[in-house]
Amino acid sequence: MSNNSNKWFSLNFSTEKKEATGSCGCGKESGGCGSHTKNIEVEKQKDGFDQVFDVKMSRRTAFKQLTASLMIGAGAVSSSCSVIAGDETKEKAQIDWEEQFKGNYKLMSKEEQKETVSRLVRSYQLRTGKTISMSSKNSEKDVLFGYAFNISKCQGYMDCVSACVKENNQDRNSQMEYIRIHEMKDGKGFNFNEADDNYYHEVPAEGHFYMGTQCFHCDNPPCVDVCPVQATWREEDGLVVIDYDWCIGCRYCMAACPYDGRRFNWSKPEVPEEEVNKNQHYLGNRMRKKGVMEKCTFCIQRSRAGKNPACVEACPTGARIFGNLLDPNSTIRWVLENKKVFRLKEDLGTEPKFWYFMD
Amino acid sequence: MINNYKILQILGCLLLLAVVISSCKKHENEYHTIMDKIEAESKNYHGTSISSEIHIGDLKTIEITEGDQTFLIPERKSQIKSYACTECHTKPLDQMQNTTAGKRAHWDIKLNHANEKVMNCISCHDGNNMDNLKSLTGSTIDFNNSYNLCSQCHSKQFEDWKGGAHGKVIASWAPPRASLACVNCHNPHKPHFETRWPARFNTQKVKERE
Amino acid sequence: MRRRLKVFWSLVKDSVDITTHGSKKYHIWMAISTFIMLVGMYCYSIQLEHGLSVTGMSDQVSWGLYISNFTFLVGVAAAAVMLVMPTYVLKDIDFKQAVLIGEGLAVAALIMCLAFVTADMGGPSVLWHMIPGIGVFNFPSSMLAWDVLVLNGYLFLNISIPFYILFRHYQGKKANPKIYVPGALLSVFWAVGIHLVTAFLYQGLQARPFWNNALLGPRFLASAFAAGPALIILILAIIRTNTAFKIEDRTIKKIALVVTVAAQINLIMLISELFKEFYAPTHHSQSAYYLFFGLDGKTALLPWIWTAISLNVLATATLTIHKFRNNFKILYVACFMLFVAIWIEKGFGLIVPGFIPGPYG
């Protein structure tokens with residue numbers, strides 16, 4: 000029995016059990032055997048699969064599934080307390096440990112927020128040797144961001160989509176794009192059913208018009224209401240943000256969003272090193288991990304510093320308008336007051352802060 | 000038995016009540032619509048500390064006031080390579096036109112704006128005052144304020160541009176606003192935009208939709 | 000206290016003893032189950048390694064088989080109450096034998112539900128974020144938070160009450176009704192609660208018109224009370240034929256009556272839903288169109304749903320006829336058909352069309 004318990008922790012089932020006892024296996028070899036012995040006995044019967052299980056068994060453990068974070072923690076603690084491991088590994092382990100158990104960003108004090116930002120910056124430095132700058136800037140007073148989209152101007156160039164992907168460090172493998180540009184036929188109105196959002200021909204195409212959608216940063220966001228851990232919330236300046244480290248990946252918010260605003264990292268997001276945007280914000284374009292949600296943040300790292308979001312900046316036709324809704328002299332207020340604006344799916348009561356208009 | 004029943008009932012009712020009352024917390028946001036919120040919260044608007052200055056950087060701008068809008072536009076004259084025209088052209092236009100000797104200047108500018116019945120070179124340029132533009136009635140328009148010329152025909156776009164619905168804002172949403180002028184996007188001699196290919200094509204989406 | 004601990008320990012030892020000894024058939028059955036579990040664990044490790052992309056889910060359809068099975072199994076768990084209520088409330092002695100099995104089924108189904116949900120999470124190692132106190136628990140705003148509460152509460156109830164009874168019987172003592180009856184009564188209401196809350200998870204999303212209708216909650220209850228007891232009948236049948244545990248014919252007949260009525264109500268609700276979607280179709284009916292007739296040539300779900308509907312109708316019709324329902328062989332077949340039909344229709348026949356078409360068609 001003792002070598003069984005050793006085996007369990009070292010997870011090396013391959014060699015020891017080759018000596019089959021020849022019996023049908025599941026008999027009473029040693030009374031009161033627990034479930035793990037049963038597993039081993041089962042393998043003795045399934046000889047044909049031993050080949051497959053030999054290799055993979057060492058990776059696969061029920062323990063890993065059940066105590067994943069504790070293992071990391073234990074490893075971190077052991078390596079950070081170890082005399083042998085190098086200083087960098089220790090520091091990295093320490094950072095990982097602290098990051099795993101930190102709280103919800105929304106509830107952190109300013110100092111805690113700064114601390115987590117500096118941990119993340121240091122962790123990136125340790126991993127890749129490069130430095131990034133991450134901000135934890137909160138919302139300014141008297142600022143409420145709004146957005147307007149001029150349908151007559153959009154020609155379908157998709158410069159906004161490109162700029163957004165580059166600015167926000169989105170996963171290149173799955174070609175994640177926060178913005179969708181829909182090409183619709185003239186004369187049929189807003190027929191989303193027949194719209195094409197993945198066209199590739201010269202634009203603007205004859206007889207079609209274009210309009211773009213992304214997260215609309217609703218003022219009554221359904222995604223915020225349904226998150227079981229409050230990993231997403233609406234900030235004071237109106238931006239709906241996500242704390243990537245707090246998200247558990249249940250995707251309830253994605254089911255709740257009526258505008259297809261949210262994206263999920265189905266696998267590990269990867270960005271080529273030279274394309275990583277190093278000006279980051281904790282709630283914005285910092286590197287995410289797999290299994291968490293992300294979405295358009297109106298480029299929080301830019302807009303809180305006073306700049307326009309990447310899509311607004313990139314659009315060559317000036318179809319995108321962004322500004323402070325509370326400033327009576329802003330362009331966005333002028334648009335709302337002087338142009339015939341509308342929003343999508345108004346009847347759902349979500350109060351999006353993204354208006355559409357035409358010339 | 001009966002006692003347990005009653006206790007259970009009372010407990011159940013209390014629990015229900017507690018849950019219902021606590022769930023009314025949902026409607027914390029005091030405004031019914033976003034327009035209500037904007038109206039209410041912009042009453043005490045004093046301006047923000049964020050300014051666009053740092054983002055405009057060293058782009059040369061001038062401030063214009065048209066109607067009730069005041070904003071910055073890029074300074075134009077310093078950006079035109081061959082300005083000022085009179086540095087080279089000392090003779091007025093009608094004297095230049097009849098000579099056979101000498102190069103024909105601006106021979107490569109083809110005017111493709113409306114049609115020849117509506118526009119030609121001197122619709123905008125003044126042969127006797129080459130450093131400036133002229134309006135329909137002959138008054139002078141400075142090159143920096145060339146938008147005044149465009150607005151003669153394109154008055155609707157002018158109104159939109161003043162307000163911020165037409166054209167592009169430079170770099171920042173914060174005041175003071177800096178907008179691109181007409182000529183920063185539209186070439187006045189050939190304003191038409193050609194078609195082009197989109198910036199990207201999402202092959203992953205195609206795969207997912209198979 | 001020490002005495003109780005000793006009894007508990009001996010209970011554990013005896014239970015392990017019983018579960019590891021048995022006939023050859025039993026051992027083969029356990030071996031097959033364990034093998035399937037091991038395959039499952041291996042697959043889960045792949046998912047942990049590579050992320051949820053290996054499941055084939057995408058941004059368009061972000062909930063798939065995991066959540067479908069979760070939804071269905073919550074219903075099965077809730078249906079255990081169908082045995083508890085007659086036993087303790089109506090004091091119908093016929094059900095008493097089957098009660099503990101029903102509770103056991105509820106526990107098993109609930110554990111499966113929690114396992115499915117955990118497997119579906121993108122970040123299972125951070126699930127502690129949900130624990131109130133050390134994490135943030137978005138109650139009462141998020142229906143998922145409600146669901147976590149009620150499911151775990153139901154699990155606790157259904158483990159503690161039967162365990163108490165078992166513990167007492169193991170010692171040869173009688174269980175005190177003053178202790179277990181209130182718990183049993185509570186679990187009756189709680190069972191209705193868990194399934195309504197799970198239904199509200201979907202019903203509350205104004206973004207998905209396929210789910211956002213008033214009938215979803217009652218529909219869930221009806222289909223749960225049809226599928227759950229159907230499974231119980233099948234399990235009782237297996238227990239009857241393979242063990243010495245005695246179950247009266249009367250018990251099975253009464254449960255069958257419950258299944259029949261629930262199945263009939265379920266069909267009526269289905270007809271109501273079909274009428275609403277197809278009589279005056281709006282663009283909100285696109286999801287129903289996709290499910291039943293396919294959209295733009297995408298007909299992948301058609302064979303599934305039509306099989307489900309036909310099995311459902313056939314099973315309900317069969318059960319309605321007294322002669323067939325009282326003939327146990329036909330009863331078992333009908334129950335099996337009904338279970339499969341509801342599994343399809345309430346599982347991925349409900350979840351997947353909710354996402355198709357997406358918010359923009």
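Chains as they are written, first to last, in numbering that gives the first Met the number 0: chain B, 0 to 358; chain D, 0 to 209; chain U, 0 to 360. Ideal Cβ placement from N, Cα and C applies to all residues, glycine included. These numbers were taken from a predicted model, which means no experiment stands behind them.
Distance from the CA atom of V106(U) to the CA atom of F338(U), rounded to whole angstroms, is 18 Å. A residue is called buried when at least 16 other Cβ atoms come within 10 angstroms of its Cβ; N186(D) does not meet this threshold and is exposed. Taking 9 Å as the cut-off, the beta carbon of Y258(B) is found no closer than this to the beta carbon of T330(B). Shown here, V340(B) sits in a strand according to DSSP, grouped into three states. Apart from the 5 residues on each side of it in sequence, C246(B) sits with its Cβ closer than 6 Å to the Cβ of A230, V291 and M292 in its chain, given in chain order. In summary, K161(D) is buried, with 16 or more beta-carbon neighbours lying within 10 Å of its beta-carbon over all protein chains present.
The shortest C-alpha to C-alpha distance from K80(D) to any of C120(D), I49(D) and D130(D) is the one to D130(D). By the CB criterion at 9 Å, P220(B) and L143(U) fall outside the cutoff.
By the criterion of a C-beta distance shorter than 8 Å, K136(B) is surrounded in its chain by H280, R303 and A304, once the five residues flanking it on both sides are discounted. Taking 9 Å as the cut-off, the Cβ atoms of F208(B) and M175(B) do not count as close. The continuous beta strand (DSSP E) containing G322(B) extends over residues R319 to N323. Here the C-alpha atom of K297(U) lies approximately 45 Å from the C-alpha atom of I37(D). Straight-line spacing of the CA atoms in T202(D) and Y146(B) works out to 29 Å. About 6 Å separates the Cβ atoms of S145(D) and L132(D), confirming a contact at the 8 Å cut-off. The closest CA to that of G46(D), considering only E111(B), G85(B) and L143(B), is found on L143(B). As computed with DSSP, L294(U) is found in a beta bridge with K297(U).
DSSP places Q279(B) inside the beta strand (DSSP E), whose first and last residues are N278 to H280. One finds Q174, E176 and N197 in chain B with Cβ atoms closer than 7 Å to the Cβ of N201(D), taken in chain order. The alpha carbon of V135(U) has as its nearest neighbour, out of G102(B), V275(B), H200(B) and I150(B), the alpha carbon of G102(B). Runs of the alpha helix (DSSP H) lying entirely within the segment 135–216 of chain U and spanning at least 4 residues, in chain order: 142–169 and 176–202. Under the 8 Å Cβ criterion, the segment 281–290 of chain B counts as touching the segment 237–256 of chain B, having at least three qualifying pairs.
When rounded, the separation of the alpha-carbon atoms in P175(D) and S61(U) is 44 Å.
Rounded to whole angstroms, the Cβ separation of T32(D) and E350(B) is 6 Å, and the two are in contact under 8 Å. Collapsing the DSSP output to three states places A147(B) in a strand. Excluding its 5 nearest sequence neighbours in each direction, N307(B) has C-beta neighbours in its own chain below 6 Å: F321, listed in chain order.
Using beta-carbon distances, Q263(U) does not count as an interface residue toward chain B, since no partner is under 9 Å. DSSP places H181(B) inside the beta strand (DSSP E), whose first and last residues are R179 to K184. Among the residues of the segment 197–231 of chain U, those with a Cβ less than 7 Å away from any Cβ of chain B are L204, Q205, A206 and R207, in the order of the chain. For V168(D), the nearest beta carbon of chain B is closer than 9 Å to its own beta carbon.
With contact defined as three or more Cβ pairs closer than 8 Å, the segment 205–215 of chain U and the segment 253–265 of chain U are not in contact. Under the three-state reduction of DSSP, L135(D) is assigned to coil, being neither helix nor strand. Close CB contacts of S266(B) within its chain, under the 8 Å cut and outside five residues either way in sequence, are with D170, N172, S173 and K289 (chain order). At a beta-carbon threshold of 8 Å, the residues of chain B lying near H45(D) are D141, ordered along the chain. Straight across, the Cα-Cα distance linking G56(D) with A180(D) is about 17 Å. Contact of D57(D) with chain B is not assigned, every C-beta pair being separated by 9 Å or more. Exposed is the label assigned to A83(D), since fewer than 16 other Cβ atoms lie within 10 Å of its Cβ.
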